[in-house]
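Here is the structure we will look at.
2 protein chains.
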Amino acid sequence: MHKDHKETLLLRDHLAKHQLKLTRQREHILSVFLKMEHITAEQMYRMLAKKDPHIGLATIYRTLNLFCEAGLAQARHFGTQTQYDNISHKGHHDHLICTDCGKIVEFENCDIERLQEEVARHNGFTIKTHKLELYGLCAACRH
Amino acid sequence: MHKDHKETLLLRDHLAKHQLKLTRQREHILSVFLKMEHITAEQMYRMLAKKDPHIGLATIYRTLNLFCEAGLAQARHFGTQTQYDNISHKGHHDHLICTDCGKIVEFENCDIERLQEEVARHNGFTIKTHKLELYGLCAACRH
DNA sequence: GTGAAATTGATTCACCATCTCAATACGCTA
DNA sequence: TAGCGTATTGAGATGGTGAATCAATTTCAC
Chain P
124 MHKDHKETLL
134 LRDHLAKHQL
144 KLTRQREHIL
154 SVFLKMEHIT
164 AEQMYRMLAK
174 KDPHIGLATI
184 YRTLNLFCEA
194 GLAQARHFGT
204 QTQYDNISHK
214 GHHDHLICTD
224 CGKIVEFENC
234 DIERLQEEVA
244 RHNGFTIKTH
254 KLELYGLCAA
264 CRH
Chain E
124 MHKDHKETLL
134 LRDHLAKHQL
144 KLTRQREHIL
154 SVFLKMEHIT
164 AEQMYRMLAK
174 KDPHIGLATI
184 YRTLNLFCEA
194 GLAQARHFGT
204 QTQYDNISHK
214 GHHDHLICTD
224 CGKIVEFENC
234 DIERLQEEVA
244 RHNGFTIKTH
254 KLELYGLCAA
264 CRH
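Chains P and E are the protein sequences, given in the same order.
Using my numbering, you'd call the opening residue of the first sequence number 124 and step up by one each time.
Using my numbering, you'd call the opening residue of the second sequence number 124 and step up by one each time.
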């Protein structure tokens, strides 16, 4: 008996509800996507090139947007590119960025997240995701 | 006696320290920028067209990036465009953004800022600035 | 299996931001 | 304030991301 991921079922469900079809390409893209916390279309393209060299970039963009509509992914603009975050990876990371040497430290802080929820509720918003970046000097560059 | 904005002095200081020059274009762009809380290069271009029709888009992009380096502005990618935020509008650094209609609510939360300092100190960083964006649905778009 | 309808992928397109480079403006020095 | 070295400008070219096009192909309900 073959057991599918929760996300696979979610996708099948979305496809069925919208008269969409399950294709070889969509399966391959999903299987790569589920392994990653976040990915860009270009990254996906390079990763797929090994197994299935003929999947076009257009299909990847379309499919990642489909994942967003199906509730599996979330698009986030980071620099000039779009990152597609895997929603099922709940551990969000925020970034400390050194403006001098470019070093990046990832962190997570529950108290901050709780306060964010509070702010959002106070303004009538329901948060889906967030981006927090702290810019400054790391210990090494302060001297 | 002519009294300059704090931001004008900050810009002059940055220019002097980096062997850069104060030009008519930079002055015009600064004067428009200071009136706004945030602006895109395109918006700036249209606003300047009235007074100084021959300022090129390239110059606007270069100058807004210069403002970022001088600590006057902060770039933020929203949708496909880049917003340049006026940092001097203190207490309006952070944003609640509706992913459906694009509505932006600005907020400030001292507790969050204090926790950010704490996280930074814990990692040996000294914060100069930060960027916090919460994405979700506003009250109207939730239904 | 058959056929209507969705999907694919090579390519083109649209858009934003940056780069190029000759012409020009700034500002230091005398 | 004139002269000069250097930064800046602006028009256009360039690059890079993501979306649109459309003929050929694949899926799936029957």
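Just so you know, even glycine gets a beta-carbon here, dropped at the ideal spot from N, CA and C.
Computed from a predicted model, the values in this text were never measured in an experiment.
Bounds of any beta strand (DSSP E) do not take in Ala262/P, whose DSSP letter is neither H nor E.
A Cβ-Cβ separation of about 6 Å places Tyr258/E in contact with Lys251/P under the 8 Å criterion.
Glu160/E places its beta carbon less than 8 Å from that of His212/E. For Ile178/E, the secondary structure class from DSSP, reduced to helix, strand or coil, is coil.
Scanning chain P for C-beta atoms nearer than 9 Å to the C-beta of Leu138/E yields nothing, as the closest lies near 19 Å away.
Going by beta carbons, Leu157/P and Glu130/P fall inside the 8 Å limit. Around the beta carbon of Ala139/P, fewer than 16 other beta carbons lie within 10 angstroms, which makes this residue exposed. When secondary structure is reduced to three states using DSSP, Phe190/E falls in the helix class.
Rounded to the nearest angstrom, the gap between the Cα atoms of Lys226/E and Arg237/P is 22 Å.
Secondary structure note for Thr131/E: its alpha helix (DSSP H) is the uninterrupted segment Lys129 to Lys140. Under a 10 Å Cβ-count criterion, Gln239/E is classified as buried, with 16 or more other Cβ atoms of the shown protein chains found around its own Cβ. With its beta carbon at least 8 Å from every one in chain E, Asp175/P lies outside the interface. Counting the other CB atoms within 10 Å of its CB gives Lys254/P a total of 16 or more, which places it among the buried residues. Here DSSP, grouped into helix, strand and coil, assigns Asp217/P to strand.
With contacts defined as CB atoms closer than 8 Å, Ala164/P and Ile183/P qualify as a contacting pair. For Thr186/P against Ile152/P, the beta-carbon gap comes to about 5 Å, under 8 Å, which counts as contact. Chain-order list of chain P residues neighbouring Asp234/E: Leu238, by C-beta distance under 7 Å. Residue burial is scored here from C-beta neighbours: Asp136/E has fewer than 16 other C-beta atoms within 10 angstroms and is therefore classed as exposed. For Glu236/P, the enclosing alpha helix (DSSP H) begins and ends at Cys233 to His245. Separation of Leu133/P and Met167/P (C-alpha to C-alpha, rounded to the nearest whole angstrom) is 21 Å. Counting only residues of its own chain and dropping the five nearest sequence neighbours on each side, His128/E has a CB closer than 8 Å to the CB of Leu157.
Contacts between Thr249/E and chain P, judged by CB atoms closer than 7 Å, involve Gly259, Leu260 and Arg265 in chain order. One finds His253 and Lys254 in chain E with Cβ atoms closer than 7 Å to the Cβ of Glu256/P, taken in chain order. In summary, Cys261/E is buried, with 16 or more beta-carbon neighbours lying within 10 Å of its beta-carbon over all protein chains present. Not flagged as an interface residue toward chain E: Thr163/P, since no C-beta distance is shorter than 8 Å. In this structure, Glu229/E is the residue among Leu189/E, Glu229/E, His200/E and Gln204/E with its C-alpha nearest to the C-alpha of His216/E. In the structure shown, Lys226/P adopts coil according to DSSP, grouped into three states.
A residue is called buried when at least 16 other Cβ atoms come within 10 angstroms of its Cβ; Asp208/E meets this threshold and is buried. Taking Arg149/E as the centre and dropping the five residues before and after it, the same chain places the C-beta of Thr186 closer than 6 Å to its C-beta, in chain order.
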